[in-house]
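Quick notes on the structure that follows.
In the working numbering, the protein residues as written are 17 to 174.
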């Protein structure tokens, strides 16, 4: 298990990346990102939840800061060293609305992890359509479970 400490929390402002920046970040995400979802069972809750996230580990702090500036999320320092003794950082994004927004912007430029990104976006979009402030605990549908199962399978093959 990698220990992390937060270096930079969520940013309240967001710039919109240019077309060139979206293409650059899509290539970076193709190479380094993990688009993931898993079913979380909590002892103190009577329901299960699917946690969705996009995560990147790397030594490129500037690029991770670009991801955070444009798409949100947090940057943490991972308690491990990379080759050459460089400090490793972790950028992650968990808010479903932020995940959908990010993927919509970079998907046209993605090649390698296009399927994973598309599945994660489909799952997050599906949840966002169902959840309301009045009822945030809508049960997970069979279709959402299938999407997550397919995403997990694709990630196993990487």
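No residue lacks a Cβ here, since even glycine has one placed at the ideal position from N, Cα and C.
Assuming contact is defined by CB atoms lying nearer than 8 Å, are residue 125 and residue 94 in contact in what I supplied? no
Between which residues of its own chain and residue 17 is the CB-CB distance below 8 Å, once the five residues before and five after are set aside? Residue confidence is low: residue 17 scores 42 on pLDDT, short of 50, so the model does not pin down where it sits. Its coordinate-derived value is still stated next. Around residue 17: no qualifying Cβ.
Going by beta carbon distance, what residues of the same chain come within less than 7 Å of residue 28, once the five residues before and after it are set aside? Only weak support exists for where residue 28 lies, its pLDDT of 49 falling under 50; the value from the coordinates is given anyway. Cβ within range, chain order: n/a, list empty.
- Message: By alpha-carbon positions, which one of 85, 87 and 75 ends up nearest to residue 105?
- Response: 75
When you compare only the Cα positions, how much space is there between residue 89 and residue 31? 14 Å
Start and end residues, beta strand (DSSP E) containing residue 74
64–74
Exercise for review: Note the first and the last residue of the continuous alpha helix (DSSP H) segment covering residue 153.
Suggested key: Run containing residue 153: none; DSSP gives neither H nor E here.
Taking only the alpha-carbon atoms, compute the straight-line gap between residue 158 and residue 101 and give it to the nearest angstrom.
45 Å
For a test of the three-state rule: what should DSSP assign to residue 116, helix, strand or coil? helix
Residue 111 in three-state terms, based on DSSP:
coil
Beta-bridge pairing of residue 135 - partner residues as DSSP gives them: Looking at the DSSP assignment, residue 135 forms no beta bridge with any residue, so it has no partner.
**Asked** In this structure, does DSSP put residue 147 in helix, strand or coil?
**Response** coil
### Query
Tell me, which residues are paired with residue 104 by DSSP?
94
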